[in-house]
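Here is the structure we will look at, set down as C-alpha cells.
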Amino acid sequence: MKSVNLSSQQAFNYEKHVWGHAIDQNGYDFPRLKFDHLYHALSFSSPVKILEVGCGAGKFLFSLAELFPHSEFIGVDISEPAIKKAQAVNVNKKINFIVGDAEKLHFEENVFDAIIMLDVLEHLENPQKMIDDCYRFLKPGGVIHTFIPCEAHSVYWLGEKIFGFHTKEKTVGHIQRFSRKSAEALFSGRFVTIQKKFSFHLMGSIMDYILFSALLNKKISSIFWTGNKYYNSSSGSKSIKAKLLNSLLVAGSFIAYFESFLMQNSCFCATGVHLTLQKK
1 MKSVNLSSQQ
11 AFNYEKHVWG
21 HAIDQNGYDF
31 PRLKFDHLYH
41 ALSFSSPVKI
51 LEVGCGAGKF
61 LFSLAELFPH
71 SEFIGVDISE
81 PAIKKAQAVN
91 VNKKINFIVG
101 DAEKLHFEEN
111 VFDAIIMLDV
121 LEHLENPQKM
131 IDDCYRFLKP
141 GGVIHTFIPC
151 EAHSVYWLGE
161 KIFGFHTKEK
171 TVGHIQRFSR
181 KSAEALFSGR
191 FVTIQKKFSF
201 HLMGSIMDYI
211 LFSALLNKKI
221 SSIFWTGNKY
231 YNSSSGSKSI
241 KAKLLNSLLV
251 AGSFIAYFES
261 FLMQNSCFCA
271 TGVHLTLQKK
C-alpha cells in the first residue's frame, strides 16, 4: 500500500462530485456485478441492522431495502450534497442517511449485523483506523462486505511508472494504491474471510485506466460528471456528447461485467477484490 499524497486528496471535491443513486438490477454492468456480490454476502433470514459507509446518493441501500424490507439501514457519506440527494428521494422510514467522515464515525459497540464499504478505503488517509472502528461497531459474528480497487497492479502500476503519477489519484481521489495482499492485510487477525471474488481483469482495467486518464481533460471531465448516467442519473442531459459518453460507458461496463463474471474466481490480472469477512 503506497503512502498518501494529501494535496491530491484535498484536490478532489467530494461536495461537487456526487455518486449516483440508481442500480439496474436486471442490467449487465459493473454496478450490477457489485450489487450481486453484495446481495449474496448478506444472506440474512431475519431483520438486521446494516451500515453503509460511503453510501453516496444511496444507490446500493435503496436496492437492498427492496430485498430486505424489514431490515434497518444507515447510510453515511462525507458529501452533504450526496446525502441531501438521497434524503430528497427517500420514502423508506427504515433508511436513514447522515453526513459523516468515514475516519471519524461514532456509533455504539456491537450494534450492526453488517457493514458495507464499496470503493471507500482507497479514498482514506488512514483506512486501518476505519477498519478498527468497524470491528467495534459490528456484533460478534457480524459481516463486512467491501470492494477494494487494487491499483498497485497491472496497467495502473505501469502508468504510474511511465508518467510519474497515479491517474485516479488526480481524477477521483484514490490516494491509496492497494495490492491484493495489502488490501486483505487490513482485516488480518480479527476477521475470517468468508468469500473472495475478483474483478476488473485485463480488459476492464485497461478501459478503466483510459477513461479516468481522459478525465484529466477539463472538458471531458465536465461532461463525465454532468452527463454520466451512472453518477448523475437525474441530469437529463440530451447533448450529443453526453449521449456518446453514455453509449461508450454502457458498452465498456457491459464488457467489464462479463469479463469479471467469467473470471470472478481468478486473480490473474485482477485489479479489484470483493471481500466478505466475518468478525471473530
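No gaps in the numbering here: position 188 of the sequence shown is 188 in the numbering used here, and each next residue is one more.
Quick reminder that beta carbons are idealized off the backbone N, C-alpha and C, glycines included.
DSSP three-state assignment for residue i, whether helix, strand or coil
{"i": "residue 270", "result": "coil"}
{"i": "residue 216", "result": "coil"}
{"i": "residue 246", "result": "helix"}
{"i": "residue 18", "result": "coil"}
{"i": "residue 71", "result": "coil"}
{"i": "residue 263", "result": "coil"}
{"i": "residue 181", "result": "helix"}
{"i": "residue 29", "result": "coil"}
{"i": "residue 65", "result": "helix"}
{"i": "residue 102", "result": "coil"}
{"i": "residue 119", "result": "coil"}
{"i": "residue 7", "result": "At residue 7, the pLDDT of 41 sits below 50, so the modelled position is not reliable and the matter cannot be decided from this model."}
{"i": "residue 211", "result": "helix"}
{"i": "residue 224", "result": "helix"}
{"i": "residue 256", "result": "helix"}
{"i": "residue 34", "result": "helix"}
{"i": "residue 229", "result": "coil"}
{"i": "residue 42", "result": "coil"}
Residue i burial status per 10 Å Cβ neighbour count (16 or more: buried)
{"i": "residue 200", "result": "buried"}
{"i": "residue 190", "result": "exposed"}
{"i": "residue 177", "result": "buried"}
{"i": "residue 40", "result": "exposed"}
{"i": "residue 140", "result": "exposed"}
{"i": "residue 143", "result": "buried"}
{"i": "residue 227", "result": "buried"}
{"i": "residue 169", "result": "buried"}
{"i": "residue 6", "result": "Legend: pLDDT at residue 6 = 40, less than 50; position of this residue unreliable, no value from coordinates given."}
{"i": "residue 70", "result": "exposed"}
{"i": "residue 90", "result": "buried"}
{"i": "residue 30", "result": "buried"}
Nearest residue (CA-CA) to residue i, options the options
{"i": "residue 47", "options": "270, 161, 64 and 157", "result": "64"}
{"i": "residue 261", "options": "223, 198, 251 and 225", "result": "198"}
{"i": "residue 76", "options": "54, 49, 92 and 264", "result": "54"}
{"i": "residue 252", "options": "222, 221 and 205", "result": "205"}
{"i": "residue 146", "options": "273, 86 and 228", "result": "273"}
{"i": "residue 110", "options": "51, 102, 162 and 84", "result": "51"}
{"i": "residue 256", "options": "14, 26 and 34", "result": "34"}
{"i": "residue 45", "options": "218, 113, 245 and 160", "result": "113"}
{"i": "residue 79", "options": "95, 153 and 99", "result": "99"}
{"i": "residue 107", "options": "132, 220 and 125", "result": "132"}
{"i": "residue 83", "options": "62, 32, 254 and 66", "result": "62"}
{"i": "residue 93", "options": "155, 43 and 66", "result": "66"}
{"i": "residue 37", "options": "118, 166 and 153", "result": "118"}
{"i": "residue 96", "options": "73, 88 and 150", "result": "73"}
{"i": "residue 249", "options": "276, 129, 214 and 149", "result": "214"}
Minimum Cβ-Cβ distance from residue i to chain B less than 9 Å
{"i": "residue 231", "result": "This model lacks chain B altogether, as it is built from one protein chain only."}
Boundaries (first-last residue) of the alpha helix (DSSP H) holding residue i
{"i": "residue 172", "result": "167-172"}
{"i": "residue 162", "result": "154-163"}
{"i": "residue 148", "result": "Unbroken run through residue 148 is the beta strand (DSSP E), 138-149; no alpha helix (DSSP H)."}
N-terminal and C-terminal residue of the beta strand (DSSP E) that residue i is part of
{"i": "residue 89", "result": "Note, residue 89: premise wrong, no beta strand (DSSP E); alpha helix (DSSP H) at 80-89."}
{"i": "residue 191", "result": "191-199"}
{"i": "residue 51", "result": "49-53"}
Count the CB pairs spanning the region 170-188 and the region 266-273 that are closer than 8 Å, and state whether there are at least three.
yes
Any contact between the region 156-169 and the region 206-213? By contact I mean 3 or more CB pairs, one from each, below 8 Å.
yes
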